[in-house]
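Written out below as structure tokens is the structure these notes cover.
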Amino acid sequence: GNSVTQMEGPVTLSEEAFLTINCTYTATGYPSLFWYVQYPGEGLQLLLKATKADDKGSNKGFEATYRKETTSFHLEKGSVQVSDSAVYFCALSLYNTDKLIFGTGTRLQVFP
Amino acid sequence: EPEVTQTPSHQVTQMGQEVILRCVPISNHLYFYWYRQILGQKVEFLVSFYNNEISEKSEIFDDQFSVERPDGSNFTLKIRSTKLEDSAMYFCASAEQRGVADTQYFGPGTRLTVL
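Chains as they are written, first to last, in our numbering: chain D, -7 to 104; chain H, 3 to 117.
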């Protein structure tokens, strides 16, 4: 079946550290891939996306590259800030459906 | 910026009781969704709704669940007879377009606790 697997959290980092949150997927066909972020008390917000192999999504200093050969879409940021503390969700969608398939989410905690 | 709102933020109920979770989608959106996340598990799709009918539903969305758009602004999820395993965070989402998954805007969620 179609699924998304994320690394377990929490991920705890000091400000300005490098961030990687791993995400791998299983899908029939060629999915679109997404990262959503949820700040405390708010809804899920789209952070970035990639719709085909080798595409790189980027936003607010975060990046993720669609790797078909490793079925991965790892989230990276070169220098995290305290304000990046949130829960990050990896997700996919398949062609001709608007259903999102999510991972479990990874909590990121950044300390000054 | 327009946003999806959900009420209540936390609902506690006894097993076997009916609950209604409420959502106010963004005003010009036409496609509506419910997802849920059981603690420690994945966010799961429940149902999508368009033009006053269900477009797609998951295996989770059995006869105990129903959705409704009663008044043109609210979008509700009803659980007829709650079970312990219905305890979860329930997210509502809305979208202007269909088939372009990144246009879904999510609410902050309602935490449902079934005792």
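Where is the CB? At the ideal position from N, CA and C, for every residue including glycine.
Any C-beta of chain H under 9 Å from that of residue i
| i | result |
| --- | --- |
| D:Thr98 | no |
| D:Gln37 | yes |
| D:Glu55 | no |
| D:Lys91 | yes |
| D:Ala45 | no |
| D:Glu34 | yes |
| D:Gly(-7) | no |
| D:Ala83 | yes |
| D:Val(-4) | yes |
| D:Gly95 | yes |
| D:Tyr28 | yes |
Beta-bridge partners of residue i, as assigned by DSSP
| i | result |
| --- | --- |
| D:Ser85 | D:Ser24 |
| H:Lys80 | H:Ile22 and H:Ser68 |
| H:Ala90 | H:Leu114 |
| H:Ala95 | H:Tyr35 and H:Phe108 |
| H:Glu46 | H:Arg38 |
| D:Gln101 | D:Thr4 |
| D:Leu67 | D:Ile13 and D:Ala56 |
CB contact check: residue i to chain D, cutoff 9 Å
| i | result |
| --- | --- |
| H:Ala95 | yes |
| H:Val6 | yes |
| H:Glu55 | no |
| H:Val14 | no |
| H:Glu46 | yes |
| H:Pro110 | yes |
| H:Glu61 | no |
| H:Arg24 | no |
| H:Arg71 | no |
| H:Arg100 | yes |
| H:Tyr92 | no |
| H:Ser50 | yes |
| H:Glu58 | yes |
| H:Gln39 | yes |
| H:Gly42 | yes |
| H:Gln19 | no |
| H:Gln66 | no |
Whole-Å CB distance - residue i paired with residue j, under 8 Å assumed
| i | j | result |
| --- | --- | --- |
| D:Leu100 | D:Val3 | 5 Å |
| H:Glu98 | H:Asn54 | That belief does not hold up - the Cβ atoms of H:Glu98 and H:Asn54 are roughly 17 Å apart, past 8 Å. |
| D:Gly33 | H:Pro110 | 6 Å |
| D:Leu84 | D:Ala19 | 6 Å |
| H:Phe47 | H:Ser60 | 5 Å |
| D:Gly49 | D:Leu36 | Rounded, the Cβ-Cβ distance is 16 Å, inconsistent with contact. |
**Prompt:** Quick one: complete beta strand (DSSP E) runs, 3+ long, within the segment 28 to 64 of chain D?
**Reply:** 36 to 42, 48 to 51 and 54 to 57
- Item | Any 3 or more C-beta pairs closer than 8 Å across the segment 75 to 86 of chain D and the segment 17 to 25 of chain H | no
State whether the segment 60 to 71 of chain H contacts the segment 53 to 62 of chain D, with contact taken as three or more CB pairs (one from each stretch) at a distance under 8 Å. no
Next item on the list: Count the C-beta pairs between the segment 87 to 102 of chain D and the segment 75 to 93 of chain H that are closer than 8 Å, then say yes if the count reaches three, no if not.
Entry: no
inquiry  = Using 8 Å as the cut-off, can you tell me whether the segment 84 to 99 of chain H makes contact with the segment 35 to 42 of chain H, which would need three or more C-beta pairs spanning the two stretches below that distance?
reply    = yes
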